[in-house]
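I have placed the structure first, in the form of C-alpha cells, so that the comments after it can refer back to it.
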Amino acid sequence: MYVLVLFVPLLSAIVSGLFGRKIGTRGSGILTSSCIVISTIISGCIFYETTINSSITYIKLWRWFDSELLTTYFGLQFDSLTATMLIVITGVSALVHIYSTGYMAGDPHIPRFMSYLSLFTFLMIVLVTSDNFVQLFIGWEGVGLCSYLLINFWLTRIKANKAAIKAMLVNRVGDLGLVLAMLMILKQFGALEFSTLYSIAPSGVEVICLLLFLGAVGKSAQLGLHTWLPDAMEGPTPVSALIHAATMVTAGVFLIIRSGPLFENSPLALTVVTIVGALTAFFAATVGVVQNDLKKVIAYSTCSQLGYMIMICGVSNYSTSLFHLMNHAFFKALLFLSAGSVIHAVSDEQDMRKMGGLIKSIPLTYTMILIGSLSLMGFPYLTGFYSKDLILELMYDKYYIAFAYWLGSFSALLTAFYSIRLIYLTFVTNTNSKKEALFAVHESKGNITFTLLLLAFGSIFVGYLAKEITISNIIPPVISNSTKGIPLLFSMFGAISAFIIYSMSSAGFFYFWSSSRAGPNHPLYGSPIHGVYTFLNSAWQFNYIINHYIVSNIFKFGHLITYRIIDRGLLEVIGPRGVSRILINITQNVSNLQSGLVFNYVLIMLVFTTLFISGLYL
Amino acid sequence: MYYEYLTVGIILFILGILGIVLNRSNLIIMLMSIELMLLAISVLFLINSMAIDNLMGQVFTIMILTVAAAESAIGLAILVAYYRIRGTIAIRSLNLLRG
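The structure is reproduced here in C-alpha cells:
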C-alpha cells in the first residue's frame, strides 16, 4: 500500500502519455482521474496509520548509491509530515484532474495534459516520501521539469514558452543552492538520510541552512526569486491550481519543515528565514492589490501566503507552517479553480476590468470564490482563520522580531483588500464586458462544479477538523484580547475599505480610481499616486531590475566576453588559427630556400658541408 | 715544398667552388669548374701520396680521372639534350623546380 501511493500516479502518467492515442481523450481523463483518486484513498489510509495511530513507516526499496563513503538507499519514509503532505497533494491533484477533464474539454492534447498532471503528482509524491536528500532532489527537479512542461502546455504561444523557460531557470538558481547544501551535508556529516542526519544533533550548519533556504526561496517563490510565479499563469488554469495551491510551491516550505532539525541549530538562518518570509508576504500583498489580471491577483496572494508559511518556520513553529500549508492548499485550489470557472464563463477573458456583474449569471462560482476569499482573509471559523491567526499570534509572541509581525498583519489587511476587490470587480460592479460575452455567460459543467463544491467543503472545515491533529503540540501564546483581535480587525478593515472604495468609485466618487479611465487622459496621470500605482502594478519593478541589471548584463557578458573575446578571439588566435598561421609561415620560408637556382643549391651545400666538417653540427 | 703544393691544390679547389657559386650564366663553365675541382682533388691525392709514400693515393687519382671523364661525358650529354629542348643553356633558365 505504501509503495502503491507512488506507483499508481506513475502508472497513470505512463499509460496516458504513451498510449494516449489508444485510450482516447475520455479514456485518459477517466484513467488518470481514477488513478489519482485511488492514490488519494491510499494516502488517507496512510494518514490514518502513520499520524492517527502514530506509527512511522520506513521502507527501504533498494540500494541506490553504494560506495564506501556514501550509501544511499532508495527509501520511503512515512511520518506525519509526509502523510499530511500526501493528503494535500493527492487530494488537490485528484480534484484538479477531475476539473481538467471538464475545463480542458475540446483541447486536442488532453492525454498529454493528463499525463503531465499525473507525472507532476508522482514526482511531488516522490519528493515528500523520500527518506534522504538525494531522492528528495529527484522529486525537486522533477516537479520543476513538469512545471516547465505544463506551463508551456500550449506550446505554440511564445509567451507560454518564455514563461516556462523563466520558471525553469529561476527555479534552477534555487536548485543550485539545494545541490550545494547536499554536498556540504555530505562533507560535514557523511550521510544524506534524514533519520541519520537528525539523530546526530548536527551543529555548525549556518551555511548549509542558508543554502537550503536558497533552494526553498527558488521553489517557493520568496522575495528575489519570485518572478517566475506570476509568469507561470501562462499555463492553463488547472495547472496554476496544481502548481500554486498544493504542489510545487509548497515543496520549498516542505524542505524547510523537513530540515527543521538542521535549522534549529542555526539562529542566523532562522532569522533570515523569518525576515525574507515576512518581506515576501508584505511585498506580494501590496502587488496583489493593484493587479488587473484575475489569475495574477491569486498568484500574488499565493506568494504572500507562502511568505507566511516561511515566516512562521523562522520562529520554529513548523507544524503551524504545515497546517497553514494544508489549509492554503484547499482554499487556494478553490480560488484558482473558481477563477478558471469564471474565465471559462466569460469566453476566456482574464482581465478583471472587462468583467463585472457576474453575480446573477454564475452564482455558484460566486459563492465558491466568496468562500475561498473569506477563508483566505482568515474570516473566523473558516479554514484560513485557524492557521493564519495562529501564525500572527505566534509571531507576536516572539517579541524580538516584531517587525515581521507588523508586516504580516499589514499583509492580512491587504489580503482582505484585494480579495474583496477581486470579488467586487468580477461579480458585483456594473459590467464592463462585451454584450455577446455577457450573454454567453453560463455555469460550468458538472465535473467542474463538483470539484469546486468539494474544495469549498475543504475550505470551510479542514482547518477545524485538522487542527487537533496537526497543531496539538503548539501552545498558543497568552496575549490580551485587543492584540488577538488585531489581525481580524485589520482584515475586516481591509475588506470593508475595498468594498467602500470600489462601490464609491463605481458610483462616481473617486472617479479617478475607476480603472477604465487609465491612460494619458486620466486626471491623475503623472501624479505621485499614479507613480505608486505603476510601481506596485509592475511588482516593485523587480522584473525590470533583474532584466536590466542582471540578465541583460549576463547576456552581454556571454556574447561579448566569453563568446567574442575569449572563444572566438583569444582561444582562436592562440589555438587553431594562430598555430596554423605560424606553421604556414615557417614552412613557406623554409620552402623558399629552394629557389630553383642551381648556384644557390651549391652555396647551401657548401655552407652546410663546411659546418659539418668544422664540427658545428646543427 | 709540401705546403706550397698543398696550398696550390686547395686554392684550385676553392677556385672551382667559386666558379660554380658565382657563375650565373653558363652551364659549361659550371661543368668546367667541376672538372677543376676534381683535378684539384687529384692533385691533392697525388701530393699526399708522394708525401706519405703510399700508392693508394695514385690509385685513387686514376679512379677519379676515370670517374671525371665519365661524369663530364654524361654531363655534356645531358647538356646537349637540355639544349635541344630549351634552346639555351643559361643557368637562370634552369629554375622550373622551385620550392
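From first to last, the protein sequence lines stand for chains E and A. Residue numbers are given in full-length UniProt numbering: position 215 of the first sequence equals residue 215, and the series is strictly consecutive. Residue numbers are given in full-length UniProt numbering: position 54 of the second sequence equals residue 54, and the series is strictly consecutive. Note that the Cβ used here is the ideal one computed from N, Cα and C, for glycine as well.
Item	Value
Give me the residue from E/V249, E/R172 and E/T25 with the minimum Cα distance to E/V128.	E/V249
Return the CA-CA distance between E/F417 and E/G24, expressed in angstroms with no decimal places.	45 Å
Around the Cβ of E/N447, are there at least 16 other Cβ atoms within 10 angstroms (buried) or fewer (exposed)?	buried
In chain order, what residues of the region 44-63 of chain A put their CB closer than 7 Å to some CB of chain E?	none
Does the count of Cβ pairs from the region 196-208 of chain E and the region 161-170 of chain E closer than 8 Å reach three?	no
Cβ atoms of E/I89 and E/T247: under 7 Å apart, would you say?	yes
Output, in sequence order along the chain, the residues in the region 583-599 of chain E whose CB is closer than 7 Å to any CB in chain A.	S591, N592, L593, Q594, S595, G596, L597, V598 and F599
Kindly confirm or deny that the region 72-83 of chain E and the region 417-436 of chain E touch, where touching means at least three C-beta pairs closer than 8 Å.	no
Decide if the region 358-372 of chain E is in contact with the region 281-297 of chain E; the criterion is three or more beta carbon pairs, one per stretch, under 8 Å apart.	no
Tell me whether E/G77 sits in a helix, a strand or coil according to DSSP, three-state version.	The sequence given here places Gln at residue 77 of chain E; Gly does not occur at that position. Of the three classes helix, strand and coil, the one that applies to E/Q77 here is strand, per DSSP.
Return the CA-CA distance between E/I554 and E/L560, expressed in angstroms with no decimal places.	10 Å
Mind listing, in chain order, the continuous alpha helix (DSSP H) runs of no fewer than 4 residues lying wholly within the region 132-199 of chain E?	133-151, 158-189 and 194-199
Please look up how many angstroms separate the CB atoms of E/D175 and E/G218, rounded, as I've assumed it's under 8 Å.	7 Å
Mind checking E/G615: buried by the 16 CB within 10 Å criterion, or exposed?	exposed
The region 15-30 of chain A: which residues have C-beta closer than 8 Å to a C-beta of chain E, in chain order?	I17, I20, V21, L22, N23, R24 and M30
To the nearest angstrom, report how far apart E/S304 and E/V276 are at their CA atoms.	11 Å
So, are the CB atoms of E/S33 and E/H109 less than 7 Å apart?	no
Since E/T237 contacts E/G340 with CB under 8 Å, what's their CB separation in whole angstroms?	3 Å
Decide yes or no for the touch test of the region 290-310 of chain E against the region 52-63 of chain E: beta carbon pairs closer than 8 Å, at least 3 of them.	no
Helix, strand or coil for E/K398 per DSSP?	coil
State buried or exposed for E/E393, treating a residue as buried only when at least 16 other CB atoms are found within 10 Å of its CB.	buried
The alpha helix (DSSP H) spanning E/R577 covers which residue range?	P576 to N592
Does the count of Cβ pairs from the region 212-230 of chain E and the region 172-191 of chain E closer than 8 Å reach three?	yes
Would you report the Cα separation of E/F263 and E/G356, rounded to the nearest angstrom?	47 Å
Report the start-end ranges of each beta strand (DSSP E) in the region 49-121 of chain E that is 3 residues or longer and not cut off at the edges.	57-66 and 71-78
Given that a residue counts as buried once 16 or more other Cβ atoms are within 10 Å of its Cβ, and exposed if not, what is E/M66?	For clarity, residue 66 of chain E is Asp in the given sequence; the question names Met instead. Classification for E/D66: exposed.
Can the beta-carbon of A/L27 be found closer than 7 Å to that of A/L79?	yes
Under a Cβ-count criterion, where at least 16 other Cβ atoms within 10 Å of its own Cβ denotes burial, should E/P9 be classed as buried or exposed?	buried
In whole angstroms, what is the alpha-carbon distance linking E/L364 and E/E443?	8 Å
Let me see if you follow: with CB-CB separation under 7 Å, is A/G91 close to chain E or not?	Sequence check: residue 91 of chain A is Ile here, not Gly. By this cut-off, A/I91 is an interface position.
If E/T383 and E/S373 are in contact, beta carbons under 8 Å, what's the gap, nearest whole angstrom?	E/T383 to E/S373, Cβ: 12 Å. No contact.
Could you name the residues of the same chain whose beta carbon sits closer than 7 Å to that of E/L455, not counting the 5 residues immediately before and after it, in chain order?	L95, F330, A333, L334 and L337
Grab the span of the alpha helix (DSSP H) containing E/A600 for me, first residue to last.	The question names Ala, but residue 600 of chain E is Asn in the sequence shown. Run containing E/N600: V598 to I613, per the alpha helix (DSSP H) assignment.
A/L96 touches chain E at which residues, Cβ-Cβ below 9 Å?	G596
Quick one: what does DSSP say E/S514 is sitting in, helix, strand or coil?	The pLDDT assigned to E/S514 is 49, lower than 50, so where the model puts this residue is not dependable; a value taken from the coordinates is nonetheless given after this. Coil.
So is E/N317 buried or exposed if we call it buried at 16+ other beta carbons inside 10 Å?	buried
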